[in-house]
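What follows is the structure, encoded as C-alpha cells:
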C-alpha cells in the first residue's frame with residue numbers, strides 16, 4: 001500500500017467523537033533532537049531540551065499499544081530517529097509486540113549504513129527519506145546543512161541494498177517544496193520515482209513557531225490527528241499533535257498514566273470538543289488554522305516548562 005493511500009484511509013476512518021476509539025496508528029518519537037534546521041520546521045526554534053526516549057519506556061508503550069489494537073507505528077515525530085543509538089532495538093520491540101507495520105522517516109544526514117542495516121534486519125517495514133530540495137544549493141538553504149550529496153548517496157545505497165539482499169521493505173521519499181525549489185524537486189522526483197515505491201511532493205503548511213510567506217495550504221478544524229493518531233514524545237508525553245515543538249498540547253505524562261487512560265482523559269476530551277465546535281481560541285491549534293500569530297496557553301504548563309532548555313547564566 002502506498003504511503004499516501006495509508007494517510008487517506010486513516011483520515012477516512014476517523015471517528016469525530018470527544019472520546020473516539022483508540023487509534024490503529026501511533027507515532028513514537030525516538031529522539032526530539034535534529035541534526036538539520038529546515039526552514040519550515042519549528043524544531044530548531046523551540047528551545048526544547050534534547051532527549052532520547054528511554055528504551056524500557058518505549059518497550060512498555062509499544063506493549064500497551066499492541067494490546068490496545070495499534071496496527072502501525074511510525075518511529076519519528078519532531079526529531080531525527082537515527083540520533084537514538086538503540087533505534088534497532090526499538091524496531092525489534094515493536095515487531096515482537098505484534099505491531100504489523102513499523103516505519104520511519106529520516107533526513108538522511110545522520111546515522112551510518114550499518115545503522116540502516118540494523119533497523120532493516122530488526123524488521124522495519126518501510127524507510128522514508130525526507131529530502132526537501134533537488135540540488136546542493138537549495139538543500140543547504142532549506143535544510144541548513146550542506147548534506148545533499150551525502151543524502152542522495154544514502155538513498156542510492158538503500159535502493160541497491162534492497163536489490164542485493166532481497167529484504168522485503170518499502171522505500172519512500174517525500175519532499176516539501178516552495179516556489180523557488182519546486183522545479184529541482186520535480187526533476188529529482190522524475191529521476192528517482194522509478195526506483196522507489198513512492199516519491200511524493202507537497203507544498204508547505206502552517207507550523208507553530210515558523211513565520212512563512214511560502215504557505216501552499218492551510219488547515220481547518222476539526223483536525224483529524226486529534227482523533228485518529230497517538231503521538232508519544234521522547235519526553236514521555238501523550239501529545240495531541242505532531243507539529244507541537246514545545247509540548248503545549250501534551251495531555252498526559254505516560255510515565256505515570258496508562259496509554260488508554262491518557263487517550264480518554266478529560267483534558268484530551270475537552271480539546272476534541274473544541275475541535276468539534278471549530279473553536280481553537282487560546283490553544284496552539286489556532287496557529288495552524290490562522291497561519292500563525294495566535295496567542296495560546298499550554299494545556300499543562302508543567303509539561304511545557306519541564307521541556308524547556310535552561311541555559312546557564
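In full-length UniProt numbering, the protein residues as written are 1 to 313.
All C-beta atoms in this analysis are idealised placements derived from N, C-alpha and C, irrespective of residue type, glycine included.
Residue i vs residue j beta-carbon contact at 8 Å
i           : j           : result
residue 262 : residue 252 : yes
residue 58  : residue 16  : no
residue 77  : residue 104 : no
residue 107 : residue 130 : yes
residue 328 : residue 31  : Examination of residue 328 is not possible in this model, given that the chain is present from 1 through 313 alone.
residue 133 : residue 185 : yes
Spatial distance of residue i from residue j (CA atoms)
i           : j           : result
residue 245 : residue 48  : 7 Å
residue 275 : residue 223 : 7 Å
residue 280 : residue 114 : 45 Å
residue 216 : residue 4   : Residue placement at residue 216 cannot be trusted, given a pLDDT of 49 that sits under 50; what the coordinates show is reported in the next sentence. Taking the straight line joining both Cα atoms gives about 18 Å.
residue 231 : residue 60  : 15 Å
residue 179 : residue 255 : 43 Å
residue 304 : residue 72  : 28 Å
residue 285 : residue 164 : 45 Å
residue 199 : residue 177 : 13 Å
residue 271 : residue 240 : 9 Å
residue 196 : residue 300 : 42 Å
residue 140 : residue 148 : 7 Å
residue 50  : residue 309 : 8 Å
residue 238 : residue 250 : 6 Å
residue 146 : residue 136 : 7 Å
residue 175 : residue 265 : 36 Å
residue 273 : residue 14  : 15 Å
residue 144 : residue 41  : 11 Å
residue 287 : residue 295 : 8 Å
residue 70  : residue 83  : 25 Å
residue 204 : residue 53  : 28 Å
Residue of the options minimising C-alpha distance to residue i
i           : options              : result
residue 173 : 83, 52, 181 and 158  : 158
residue 110 : 65, 33, 120 and 98   : 33
residue 258 : 296, 62, 73 and 13   : 62
residue 119 : 301, 134, 94 and 142 : 94
residue 170 : 81, 102 and 243      : 102
residue 220 : 278, 182 and 268     : 278
residue 11  : 86, 268, 18 and 228  : 228
residue 154 : 167, 295 and 112     : 112
residue 138 : 39, 296 and 268      : 39
residue 86  : 55, 100 and 96       : 55
residue 182 : 294, 287, 14 and 142 : 142
residue 36  : 7, 81 and 70         : 81
residue 306 : 289, 236 and 242     : 236
6 Å Cβ shell around residue i - same chain, five flanking residues per side excluded
i          : result
residue 98 : 66
residue 43 : 34, 78 and 245
Same chain, Cβ closer than 8 Å to residue i, neighbours up to 5 away in sequence not counted
i           : result
residue 260 : 22, 64 and 68
residue 117 : 161
residue 88  : 115, 118, 119, 121 and 122
residue 269 : 18 and 19
residue 267 : 251, 252, 299 and 300
Contacts around residue i, its chain only, beta-carbon distance under 7 Å, and the 5 residues preceding and following it disregarded
i           : result
residue 297 : 282
Kindly confirm or deny that the region 108-124 and the region 183-191 touch, where touching means at least three C-beta pairs closer than 8 Å. no
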